[in-house]
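Per the numbering used here: the sequence shown = residues 146 to 522.
Glycine is no exception: its CB is placed at the ideal position from the N, C-alpha and C atoms.
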Amino acid sequence: MAFRVIPLVDQRRDAPLPAPRDEEGVRAGLLQDRLGRPLTDLRISVTDRCNFRCSYCMPKEVFDKNHVYLPHSALLSFEEITRLARVFVDQGVRKIRLTGGEPLLRKNIEHLIEQLAALRTPDGSPLDLTLTTNGSLLARKAHALRAAGLQRVTVSLDALDDAVFRRMNDMDFPVADVLAGIDAAREAGLGPIKVNMVVKRGTNEQEILPMARHFRERHGGDVVLRFIEYMDVGATNGWRMDEVMPSADVVAHIAAELPLLPLEASAPGETAQRWAYADGRGEIGVISSVTQAFCRDCSRLRLSTEGRVYLCLFASQGHDLRQLLRGGADDEALARTVRSIWTQRGDRYSELRARRPADEVDGGPAPRRVEMSYIGG
Ligand code: SAM
Numbered sequence: 146m147a148f149r150v151i152p153l154v155d156q157r158r159d160a161p162l163p164a165p166r167d168e169e170g171v172r173a174g175l176l177q178d179r180l181g182r183p184l185t186d187l188r189i190s191v192t193d194r195c196n197f198r199c200s201y202c203m204p205k206e207v208f209d210k211n212h213v214y215l216p217h218s219a220l221l222s223f224e225e226i227t228r229l230a231r232v233f234v235d236q237g238v239r240k241i242r243l244t245g246g247e248p249l250l251r252k253n254i255e256h257l258i259e260q261l262a263a264l265r266t267p268d269g270s271p272l273d274l275t276l277t278t279n280g281s282l283l284a285r286k287a288h289a290l291r292a293a294g295l296q297r298v299t300v301s302l303d304a305l306d307d308a309v310f311r312r313m314n315d316m317d318f319p320v321a322d323v324l325a326g327i328d329a330a331r332e333a334g335l336g337p338i339k340v341n342m343v344v345k346r347g348t349n350e351q352e353i354l355p356m357a358r359h360f361r362e363r364h365g366g367d368v369v370l371r372f373i374e375y376m377d378v379g380a381t382n383g384w385r386m387d388e389v390m391p392s393a394d395v396v397a398h399i400a401a402e403l404p405l406l407p408l409e410a411s412a413p414g415e416t417a418q419r420w421a422y423a424d425g426r427g428e429i430g431v432i433s434s435v436t437q438a439f440c441r442d443c444s445r446l447r448l449s450t451e452g453r454v455y456l457c458l459f460a461s462q463g464h465d466l467r468q469l470l471r472g473g474a475d476d477e478a479l480a481r482t483v484r485s486i487w488t489q490r491g492d493r494y495s496e497l498r499a500r501r502p503a504d505e506v507d508g509g510p511a512p513r514r515v516e517m518s519y520i521g522g
């Protein structure tokens, strides 16, 4: 099989911080961008390191032993992350997801979770606090994460078959350990658990039904399995449109054996379309980022490991908040910057990609996009 890998260059370029604008009408908690999208959801990457080498995310050929990771001094400290998170919460954020890299590799991550769990919205409510993990360390850490105040987890798992899974994570990591992690998370009360499977045509589509059967039979409604379309994030995975399996095909494939009924979205801006098993034994979700872009509902903002803010998974530039933080800016100055960044936002990468001719989307020069392992999935 032809496999194209594009060497990684440092793409962490900064966009200039936008000048604060006239703030009339921009009140804390009511931020809207140029397309009327509210800011409610913050993803925080806590490390650029991962112990897996999934070819669609951190291919071994690029992220090899010579790859230079961020030095510890470049990472935001837990105190810096919490301070920024508080500013974002004052501006309307209600949900925080920790990600990476592999977030459970960050030492003492429980301490950060404790600090974030203590934050309150302006009306005194706790945040929706969750974390996305590859599950490799979850069996060991689930109880401590729950005790620290984490509410839920999302576990990434691309196959049930051990050989396929070992090949996909490219570190020979066994599937049994991830399954044990999911069991431990459920036992610790980190539910409802979501399991995310990236479907790459020609690699793991034969795993769709075994995954569906396994999770509904073992966990029923306590684990929601979600199928993600393989995306053209970053610039190193050699993405091709013909390797994307459209969500509509995934749903049809499952429904041929296990009848499905459409469900309403459970929250505005939800990325997944939900389907219930007709026999009542749980539900699945599909995330159609390529074939049915959902930019117009995007209320997410990403904070990179070293404190850059990215408005889109496909962005090529971030806004450096660490510089402000470490330069002595007070909370009001940080809040003003966040308001400027969000209110000037107008991106809708995936919708525009969907309008481009196929031969331009596929195989064209790789845009200078940051890697997902750097800004967090
Ligand atoms: N290490 C954690 C994990 O495995 O969940 C968090 C970071 S990972 C970048 C977050 C999610 O992004 C995972 O579910 C992963 O499968 C997904 N992902 C990475 N590259 C992707 C791609 N090209 N298309 C679709 N999903 C991708």
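(request) Within the segment 309 to 373, note down every full alpha helix (DSSP H) run reaching 4 residues or more, in order along the chain. (result) DSSP runs (the alpha helix (DSSP H)) wholly in the segment 309 to 373: 320 to 333 and 353 to 364.
(message) Does the distance between the C-beta of residue 518 and the nearest non-hydrogen atom of the ligand SAM fall short of 7 Å?
(response) Yes, the Cβ of residue 518 comes within 7 Å of a heavy atom of the ligand SAM.
(message) Assuming contact is defined by CB atoms lying nearer than 8 Å, are residue 527 and residue 330 in contact in what I supplied?
(response) Missing from the structure shown is residue 527; the chain here goes from 146 to 522 and no further.
(request) Note the first and the last residue of the continuous beta strand (DSSP E) segment covering residue 417. (result) No residue range can be given for residue 417, since it is assigned to no beta strand (DSSP E) and is classified by DSSP as neither H nor E.
(message) Relative to the C-alpha of residue 253, which candidate in 204, 380, 223 and 344 has its C-alpha closest?
(response) Taking only the C-alpha atoms, the option nearest residue 253 is 223.
(request) Tell me the start and end of each unbroken alpha helix (DSSP H) in the segment 442 to 498 that is at least 4 residues and wholly inside, in chain order. (result) Listed in chain order, they are 466 to 471 and 476 to 488.
(request) Pull up the DSSP beta-bridge partners for residue 299, would you. (result) The partner list for residue 299 (beta bridge, DSSP) reads 277 and 339.
(message) Taking the straight line between their C-alpha atoms, what separation do you get for residue 447 and residue 187?
(response) Between residue 447 and residue 187, the C-alpha separation is close to 6 Å.
(request) Within the same chain, show all residues whose beta-carbon is closer than 7 Å to that of residue 408, passing over the 5 residues directly before and after it, in chain order. (result) So the qualifying residues of the chain are 419, 420, 421 and 428.
(request) Drop a sphere of 10 angstroms on the beta-carbon of residue 248, count the other beta-carbons inside from all chains shown, and report buried for 16 or more, exposed for fewer. (result) That one is buried.
(request) Put residue 218 into one of helix, strand or coil per three-state DSSP. (result) Reduced to three states, the DSSP call for residue 218 is helix.
(message) What I want to know is whether the C-beta of residue 247 ends up closer than 7 Å to one or more non-hydrogen atoms of the ligand SAM.
(response) It does: the Cβ of residue 247 is within 7 Å (strictly closer) of some heavy atom of the ligand SAM.
(message) Which same chain residues end up closer than 6 Å to residue 233 when comparing Cβ atoms and leaving out the 5 residues on each side of it in sequence?
(response) Closer than 6 Å at Cβ, skipping near neighbours: 187.
(message) Helix, strand or coil, according to DSSP, for residue 284 in the structure here?
(response) DSSP places residue 284 in helix when its eight states are reduced to three.
(request) For residue 229, collect the residues of the same chain with a Cβ closer than 8 Å to its Cβ; drop the 5 residues on either side in sequence, then sort them by chain order. (result) Cβ neighbours of residue 229 beyond the five flanking positions: 221, 448, 452, 466, 470 and 479.
(message) Measuring alpha carbon to alpha carbon, tell me which residue in 162, 163 and 214 is nearest residue 450.
(response) For residue 450, the closest alpha carbon among the candidates 162, 163 and 214 is that of 214.
(message) Quick test of your reading: residue 341 and residue 200, contact by CB under 8 Å. State the CB separation rounded to the nearest angstrom.
(response) Your pair residue 341 and residue 200 does not check out as a contact, with CB atoms roughly 16 Å apart and the cut at 8 Å.
(message) Suppose contacts are defined by Cβ-Cβ distances below 8 Å. Is residue 257 in contact with residue 291 by that definition?
(response) Not a contact, by the Cβ cut-off of 8 Å.
(message) By the three-class DSSP mapping on this structure, what secondary structure does residue 407 have?
(response) Secondary structure at residue 407: strand, using DSSP grouped into helix, strand and coil.
(message) Quick check on the burial criterion: 16 or more other C-beta atoms within 10 angstroms. Buried or exposed for residue 464?
(response) Residue burial annotation: residue 464 is buried, with at least 16 other C-beta atoms found within 10 angstroms of its C-beta.
(message) According to DSSP, residue 241 sits in a beta bridge with which residue or residues?
(response) Assignment of beta-bridge partners to residue 241 by DSSP yields 187 and 274.
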